[in-house]
Amino acid sequence: MQIVDWVIVGAYFILSAGIGTYFTRRAGRSVQEFFLSGRNLPWWLAGTSMVATTFAADTPLAVTELVARNGIAGNWIWWNFLFGGMLTVFFFARLWRRAGITTDVEFVEL
């Protein structure tokens, strides 16, 4: 790598550390603050966040495997994920918000 490359990489790390330090000072100190944004998020945004955490870099590979194994009918399996995600956002997110819980394990224990 050339000197310009090292300068760019170093500047990136310094910028990342600065942003992290800034938001660490602004952040709350409790688990509730970290996971639930101090319960200031609207229910639909929290629900959308819950659904978004189920997707990862390997999700397209999993969908490809479902279709390869089950044929075109395999599409119905991953379409169920969409409907389940919508159910999570519009039904469970409201219940979780009203129950005042932090994790899905607490929701199951209700």
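Residues 29 to 138, numbered by our numbering, are exactly what the sequence shown covers, in order.
Note that the Cβ used here is the ideal one computed from N, Cα and C, for glycine as well.
Remember, predicted model here, so these are calculated numbers, not experimental data.
Asked	Found
Cβ-based burial, W104 [other Cβ within 10 Å; buried from 16]	exposed
The stretch 46-55 contacting the stretch 89-97, beta-carbon criterion three pairs below 8 angstroms	no
Anticipated Cβ contact below 8 angstroms, Q60 with R67, distance rounded	7 angstroms
Nearest residue (CA-CA) to T76, options D86, F111, Y50 and G128	F111
Status (buried if at least 16 other CB within 10 Å, exposed otherwise) for A39	exposed
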